[in-house]
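Read the structure below first, then the notes.
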Amino acid sequence: MTGAAPVRLRVAPSPTGDPHVGTAYMSLFNLAFVRQQGGQFVLRIEDTDRARFREDSERQVFDMLRWLGLDWDEGPDMGGPFAPYRQSERLETYRPHVERLLAEGHAYYCWCTPERLTEMREAQQKAKQPTGYDRMCLGLTREQRAELPGFSEQPVVRLLVPDEPPLRFVDVIRGEVSAPRPDDQVLLKADGFPTYHMAVVVDDHLMGITHVVRGEEWISSTPKHLLLYDFLGWERPQFAHMPLLRNVDKSKISKRKNPAARLTWFQEEGYLPEALLNFLGLLGYSLPDGQEIFSFDDMVESFDWGRVNTVGPVFDLDKLLWLNGHYIRSLAEDALVRRLVPYLATAGLVSDPPSPEQAALLAGLAPLLQTRIALLTEAAPLVRFLFVPEEEFSIDPAAVDKHVAGNAEVLLAAADALEPVTDWDTDHVQGAIDAALLEGGLGLKRGKAYGPLRAAVCGSSVSPPLPESMALLGKERTVRRLRAAAAL
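Residue numbers for the sequence shown, in my numbering: 9 to 496.
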C-alpha cells in the first residue's frame, strides 16, 4: 500500500438497547484490517433514532468494546479530527447536502401522511405489486399537494431514484454483487433528523472512511448509498458485507430470540474476552494453517478479506464454551484469581479487592478450579463453603438425602481420625481419612467414603478435590462440620 492513503474504517452502533454481539463482530474485523494496514478505527454513534434511544446504551458500547480490547482511535469519548462523532450533534452537517440534492433534482419533498403511506402499501400488497413509494408528491408544489388527500404539514425529503440506478457493485469479500432496485428512500425525516441512509453516507465521506464493513443485510441498501455518493460528486468507498451471525435454526441472531445476542450477556455469564474474540473470529474467518485457537494479533498478522467465509456462521455456544475452558486453563493462576474476584464479589463471597485472608484462600483454590470450570460464574457455587460465615453454612437438602442420611458412622469416623492431625495439609488430611475409611478402616471404596464427607464439609455433591478443600477450610471448621452433619 505504498503511497496509498491510510485506510480508515468505522463501526457505528445505534444506542437503542443493550449492545448487540454483532457490534463486536464487525468491530473485530474492522480493527484487524485497520491494524494490519496501519490505519485508523473510528467509533461513531448513530443516534438519530430518537424514539428508541436509550441513554445508558452508549456507555455500554464503550465498556463492552473496551472489555474486549477493541479500542478505537477516534470517537465521542476521545474526540478526533472529525468530531463530533455522535450524529445527533451533527444535524447541521446534513441539511446542506440535502438542499443540494433538492436543488439539483436528485431529491424531492413528500407531504404524505403515515396513514396515506400505510394505505398505499396495503393496496400494493393486495394487488400483489412490489411495495414502494408511488411518487404522488413528485413534481408538485406544497400548495398543489395540499389540495390532495393525506397531506402532512411537515414534509420529508425523498431520494429520486433514476431509471437505471447502480445495481451492481464490487464487494471486497464477495466480488461482483447484484442488489435489487431501491425505493425512493426518505433522506430527511419530518423532525429534521436525517435517516440512516443519508447520515451514513455524509458521515462516512466527511470522516474519510475508505472501507465500509457491515452485515450482508445492507447489500440491498448499497445502491441507495452509491447514488448519494455519485449525486454529491464524492468518491465511493469500498464495501465489504460480512455474513450474518445465525442461530442454530439458521435464523438471524437477535436479542429477542437469543440472550447471546446481547454483548453484555457474555460478561455476565463469565466468558473471557479473549475467548469471545477467538470465537467471533472463527465464525467468519480461517487462518491459513486452519488452527482454531488464535489471538487478535494472530488474526491481524494473517488478515485477508479473501479468507472471510460468506456462508452465515451458526452461533454454536458449545464451541464457545469449549474455547472459554481452554482460555481459563491457559491463564496464570494469579490472573485467574483476578478474573474470578468480580464474580465472587458479586456473589457476596469476597470483597473487591479481597482481604489478605481471602486472597490466600483464592491462591490455593486457583489450581483446583482451573481444570473444573468452563465459565467464571461456575466458581462461586463451588467455593461458597470456604467463604460463608460458619453460622450461614448449610448443606444442600439433595446432598443430605443422597449422602448424609444414614452415614453418621462414616462422618464420625472421619472426624475422629482428623482430630489428632497436627500437620494440616492435603497429604496428611488425605492419609488420615483414607486410613479411617478405606482398607484398614471401614473398608469403603473411596467414592462411597468421600460422598458423605464432601456433602458435610462443602455443602454439596460437587466441590473442588476433597482433601484439598479440607486443607483450605482448616481443621476446626472441617471437624465441626463433620460432627454436625453426623447429627442430622
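Every residue, glycine too, gets a C-beta built ideally from N, C-alpha and C.
In terms of alpha-carbon separation, which member of 49, 114, 58, 56 lies closest to residue 86?
Translated into the one-based positions of the sequence shown, residue 86 becomes position 78. Looking from the CA of residue 86, the closest CA among 49, 114, 58, 56 belongs to 49.
In whole angstroms, what is the alpha-carbon distance linking residue 16 and residue 209?
For the purposes of this step, residue 16 is identified with residue 8 of the sequence shown, where counting begins at 1. For the purposes of this step, residue 209 is identified with residue 201 of the sequence shown, where counting begins at 1. Their backbone Cα atoms lie some 14 angstroms apart in a straight line.
Backbone CA spacing between residue 6 and residue 165 [nearest angstrom]
Within the shown structure, residues of the chain are numbered from 9 to 496, placing residue 6 beyond reach of any answer.
Of the residues 369, 176, 438, which one's Cα is nearest the Cα of residue 391?
Walking along the sequence shown from the start, residue 391 turns up at place 383. Comparing Cα positions, the closest option is 369.
Can you look up residue 163 in the DSSP assignment and give me helix, strand or coil?
Walking along the sequence shown from the start, residue 163 turns up at place 155. Strand.
Residue 255 versus residue 27 - alpha carbon distance:
Here residue 255 refers to the residue found at position 247 of the sequence shown. Here residue 27 refers to the residue found at position 19 of the sequence shown. Answer to the nearest angstrom: the Cα atoms are 18 angstroms apart.
Using a Cβ-Cβ cutoff of less than 8 angstroms, which residues in the same chain neighbour residue 319 once the five nearest sequence positions on both sides are dropped?
The count along the sequence shown starts at 1 and reaches residue 319 at position 311. Taken in chain order, the residues that qualify are 251.
Rounded to whole angstroms, what's the CA-CA distance from residue 448 to residue 346? Just pull it up for me.
Locating residue 448 in the sequence shown gives position 440, where the first residue counts as 1. Locating residue 346 in the sequence shown gives position 338, where the first residue counts as 1. A straight-line Cα-Cα distance of about 43 angstroms links residue 448 and residue 346.
Taking only runs that begin and end inside the region 308-364, name each unbroken alpha helix (DSSP H) of 4 or more residues, in chain order.
Runs of the alpha helix (DSSP H) inside the region 308-364: 325-338, 341-354.
Around the C-beta of residue 440, are 16 or more other C-beta atoms found within 10 angstroms, so that it is buried, or is it exposed?
Along the sequence shown, one-based indexing puts residue 440 at 432. It counts as buried.
For residue 136, count neighbouring Cβ atoms within 10 angstroms of its own Cβ and tell me buried if that reaches 16, exposed if not.
Reading the sequence shown from its first residue, position 128 is the one you call residue 136. Classification of residue 136: exposed, given that the 10 Å Cβ count is below 16.
Measure from the alpha carbon of residue 389 to the alpha carbon of each residue in 305, 285, 472, 122, then state which is nearest.
As a first step, residue 389 is located in the sequence shown; it is residue number 381 there, counting from the start. When only C-alpha atoms are compared, the closest one is 472.
Give the list of continuous alpha helix (DSSP H) stretches no shorter than 4 residues that lie fully inside the region 59-110.
63-75, all fully within the region 59-110.
Determine the closest residue to residue 174 out of 104, 181, 191, with distance taken between C-alpha atoms.
For this step, residue 174 is matched to residue 166 along the sequence shown. Looking at 104, 181, 191, the one whose alpha-carbon comes closest to that of residue 174 is 191.
Considering only the beta carbon of each residue, do residue 412 and residue 464 sit closer than 8 angstroms?
Stepping through the sequence shown from its first residue, residue 412 is reached at position 404. Stepping through the sequence shown from its first residue, residue 464 is reached at position 456. Yes, they are a contact pair.
If you draw a straight line from the alpha carbon of residue 169 to that of residue 125, how long is it in whole angstroms?
For the purposes of this step, residue 169 is taken as residue 161 along the sequence shown, with counting starting at 1. For the purposes of this step, residue 125 is taken as residue 117 along the sequence shown, with counting starting at 1. Between the C-alpha atoms of residue 169 and residue 125 there is a straight-line separation of about 18 angstroms.
Using the three-state DSSP reduction, which class does residue 5 fall into: helix, strand or coil?
Since the displayed the chain opens at 9 and closes at 496, residue 5 lies outside it and no answer follows.
Could you please give the first and the last residue of the uninterrupted beta strand (DSSP E) stretch that includes residue 179?
For the purposes of this step, residue 179 is identified with residue 171 of the sequence shown, where counting begins at 1. Residue 179 -> beta strand (DSSP E) spans 176-179.
Rank 469, 424, 249 by C-alpha distance to the C-alpha of residue 484 and give the top, closest one.
Counting from one through the sequence shown, the residue named residue 484 turns up at place 476. Closest in C-alpha terms to residue 484, from the list 469, 424, 249, comes 424.
Just verifying my parser: in three-state terms, what is the DSSP assignment at residue 246?
Taking the first residue of the sequence shown as 1, we reach residue 246 at position 238. Note: residue 246 maps to strand in three-state DSSP.
Would DSSP call residue 260 helix, strand or coil?
Locating residue 260 in the sequence shown gives position 252, where the first residue counts as 1. Three-state DSSP puts residue 260 in a strand.
Quick check on residue 49: does DSSP put it in helix, strand or coil?
Position 41 of the sequence shown, counted from the start, is the residue given in the question as residue 49. Strand.
Out of 130, 266, 150, point me to the one whose CA is closest to residue 142's CA.
Here the question's residue 142 lines up with position 134 in the sequence shown. When only C-alpha atoms are compared, the closest one is 130.
Taking only three categories from DSSP, how would you classify residue 150?
Taking the sequence shown and counting its residues from 1, the one referred to as residue 150 is at position 142. Three-state DSSP puts residue 150 in a helix.
Classify residue 154: buried if its beta carbon has 16 or more other beta carbons within 10 angstroms, exposed otherwise.
Along the sequence shown, read from residue 1 onward, the residue named residue 154 stands at position 146. Looking at its Cβ environment, which holds fewer than 16 other Cβ atoms inside 10 Å, residue 154 is exposed.
Given 8 angstroms, three or more beta-carbon pairs between the region 61-72 and the region 102-119
At 8 angstroms Cβ cutoff, the stretches do not touch.
I need the straight-line Cα distance from residue 334 to residue 469, nearest angstrom please.
Against the sequence shown, residue 334 aligns to sequence position 326. Against the sequence shown, residue 469 aligns to sequence position 461. Between the alpha carbons of residue 334 and residue 469 lies a gap of roughly 25 angstroms.
Would you be able to state if there are at least three C-beta pairs under 8 angstroms between the region 101-108 and the region 188-203?
Yes: at least three Cβ pairs fall under 8 angstroms.
Between the alpha carbons of residue 457 and residue 400, how many angstroms are there, rounded?
For this step, residue 457 is matched to residue 449 along the sequence shown. For this step, residue 400 is matched to residue 392 along the sequence shown. About 25 angstroms.
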